[in-house]
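Protein chains in written order, with my numbering: chain A, 987 to 1231; chain B, 4 to 260.
Structure record follows, encoded as structure tokens.
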């Protein structure tokens, strides 16, 4: 399969004067339509790496290419930040309509409502985000991203604000949706089990300044049960790789 | 009585008691000292009733409200766009903020001589004074509101590739709106304070004029106090209206958490 995203020699340091190197000559290739999870020690620069991939932060050196063109932040790849960026001043429907520039009036409403029901938000179209639970808010986030038909989803710890049960439930829902609308997904997470549960490959990062330590192929049939021996064995292997048994 | 009614009574009772005690103390003091000038609460009510019956009270209220509406309305029209500009364009903030910071602490009372010099003693003077006193808090709150927009929202807007117009109408302005509303509330409070002060200078209508005129025309302190009470009550109503704005769902997210 041809690569969707390629990173070549990407380096980034923060601060001026005493620069703090965060990403160090990192190479990575992400295949079209795969779910790639990125795990690593906390504070290793996962979020920075994701922001560089999505084109929001320019690397000091090296290059990110999407479909063999230099990356620009646009609707082709939607970034979901860790705290979420559903606009609290817009209703669910208005949030879902936000990125629908081409469609007009009724069309946009219909598209928004279609995606609302896809993620199980039917009946909440006119609610404001502060009236929703954390799980519902995540669904709005996903629906808003999916509504603009992106090719890539960049997700930064999307489930970390949820409790374990809700996290698992939303992950399964998202996997179901991704079965029908194929996307290339980059999932940054601290949760190795979540990575193995969802991903086709898991990239393990080194401590800062970070680079790729190992990439694990997740050759497990879907749907995957989190408690299955396959998932747990791979989880243990990745944790060993991270140095935490 | 329902439980809600009891809860409500519990909440309002203490302040009602304070009112009753104060009015009672006022009544007792005036009666005991036998003051010839300072009125009893009853005399204030009678005086206010007289002003209501001949309609002059409403003329004064109308005149004051008109000046506030004009001065505050102009200030709002200037302050919100200016504040948005200062908040969004860093250079505009650097250029204009020092000027705003110097003008802001000058008491509107200090502007009175200049207002009279520029605008004479008609309606324009108090309107100018209200404008000058309410415009700065609203400019600064609006600029603050824009500065405070979290980066993740601006990044999301950029990600979805919306037009500049949509960026402002659906992200920047609504994100700053809670702060704008706070500024509007502060601005209206200041405007109401200032109109009364401004009307004490050489005007023939308004609640400020009523107070000064009642004193000058035969020490009618019953009407002075009636005027003060009316000012207080209208201030309360105006603030209540602004609070209604704060409860609108499109701004409540900010105050809700």
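Beta carbons: idealized from backbone N, C-alpha and C, even for Gly.
To which residues of the same chain is residue 240 of chain B closer than 6 Å at the C-beta, ignoring the five residues directly before and after it? none
Exposed or buried, which one is residue 1143 of chain A when buried takes at least 16 other CB atoms within 10 Å? buried
Let me see if you follow: with CB-CB separation under 8 Å, is residue 1139 of chain A close to chain B or not? no
Beta-carbon neighbours of residue 190 of chain B, restricted to chain A and to distances below 8 Å: Correct list: empty, because the minimum Cβ distance to chain A is about 21 Å.
So residue 1009 of chain A and residue 1196 of chain A are in contact, right, with Cβ under 8 Å, and what is the actual spacing, rounded? Going by Cβ atoms, the distance from residue 1009 of chain A to residue 1196 of chain A rounds to 6 Å, so yes, they are a contact pair.
Do three or more CB pairs link the stretch 1128-1138 of chain A to the stretch 1164-1172 of chain A at distances below 8 Å? Note that the stretch 1128-1138 of chain A touches the stretch 1164-1172 of chain A; at least 3 beta-carbon pairs, one per stretch, sit closer than 8 Å.
For residue 1177 of chain A, count the other beta carbons within 10 Å of its own beta carbon; 16 or more makes it buried, fewer makes it exposed. Which is it? Sixteen is the threshold: when 16 or more other Cβ atoms of the shown chains lie within 10 Å of the Cβ of residue 1177 of chain A, as they do, the residue is buried.
Members of the stretch 1040-1064 of chain A near chain B, C-beta cut-off 7 Å: 1042, 1059, 1060, 1061, 1064
What residues from chain A crowd round residue 161 of chain B, counting only those whose CB sits closer than 7 Å? Within chain A, the residues 1059 have their CB atoms less than 7 Å from the CB of residue 161 of chain B, given in chain order.
For residue 1114 of chain A, name the three-state secondary structure that DSSP assigns. coil
Measure the beta-carbon distance from residue 1174 of chain A to residue 1152 of chain A and round it to whole angstroms, keeping in mind my assumption that it falls under 8 Å. Residue 1174 of chain A to residue 1152 of chain A, Cβ: 19 Å. No contact.
Are the C-beta atoms of residue 182 of chain B and some chain A residue less than 8 Å apart? The beta-carbon of residue 182 of chain B is placed no less than 8 Å from the nearest beta-carbon of chain A.
Simplified DSSP assignment, three categories, for residue 300 of chain B: Examination of residue 300 of chain B is not possible in this model, given that chain B is present from 4 through 260 alone.
Nearest CA to the CA of residue 124 of chain B: which residue from B:202, B:193, B:68? B:202
Buried or exposed for residue 179 of chain B, please, with buried defined as at least 16 other CB atoms from any protein chain shown within 10 angstroms of its CB. Around the beta carbon of residue 179 of chain B, 16 or more other beta carbons sit within 10 angstroms, so the residue counts as buried.
Report the rounded CA-to-CA distance for residue 225 of chain B versus residue 30 of chain B, giving the unit in angstroms. 13 Å
Might you give, ordered along the chain, the residues of its own chain that have their beta carbon closer than 8 Å to the beta carbon of residue 258 of chain B, omitting 5 neighbours on each side? 181, 249
Could you tell me which residues DSSP puts in a beta bridge with residue 17 of chain B? Its beta-bridge partners do not exist; DSSP assigns none.
Given a cut-off of 8 Å, decide if residue 1188 of chain A and residue 1181 of chain A are closer than it, judged by their beta-carbon atoms. yes
CA nearest to the CA of residue 1191 of chain A, picked from A:1206, A:1201, A:1053: A:1201
Determine the DSSP secondary structure at residue 1198 of chain A, reduced to helix, strand or coil. strand
What runs of the alpha helix (DSSP H), each 4 residues or longer, lie entirely inside the stretch 1006-1078 of chain A? 1032-1039
Which residues in chain A have a C-beta closer than 7 Å to the C-beta of residue 253 of chain B? List them in chain order. 1075
If you run the structure through DSSP and keep just helix, strand and coil, what is residue 303 of chain B? The requested residue 303 of chain B is not part of the displayed model; chain B covers only 4 to 260.
If you run the structure through DSSP and keep just helix, strand and coil, what is residue 1093 of chain A? Note: residue 1093 of chain A maps to helix in three-state DSSP.
Quick test of the definition: if touching needs 3 or more C-beta pairs under 8 Å, does the stretch 124-141 of chain B touch the stretch 73-82 of chain B? yes
Chain A partners of residue 156 of chain B, CB-CB under 8 Å? Simply 1071, 1073.
Short-range partners of chain B found in the stretch 1109-1128 of chain A, where Cβ spacing is below 8 Å: 1114, 1115, 1116
Can you name the start and end residues of the alpha helix (DSSP H) that residue 106 of chain B belongs to? 93-106
Determine the contact status of residue 162 of chain B and residue 1065 of chain A, defining contact as a CB-CB distance below 8 Å. yes
With H, G and I counted as helix, E and B as strand and the rest as coil, what does DSSP make of residue 145 of chain B? helix
Cutoff 6 Å; reference residue 238 of chain B; Cβ partners in own chain excluding five residues on either side: Taken in chain order, the residues that qualify are 195.
Please work out which residues of its chain come closer than 7 Å, Cβ to Cβ, to residue 1116 of chain A, disregarding the five sequence neighbours upstream and downstream, and give them in chain order. 1074
So, at 8 Å on beta carbons, what are the nonlocal neighbours of residue 1203 of chain A in its own chain, with the 5 sequence-adjacent residues on each side left out? 1186, 1187
If the criterion is Cβ atoms closer than 8 Å, does the pair residue 223 of chain B and residue 50 of chain B meet it? yes
Return no unless some Cβ of chain A is closer than 8 Å to the Cβ of residue 90 of chain B. no
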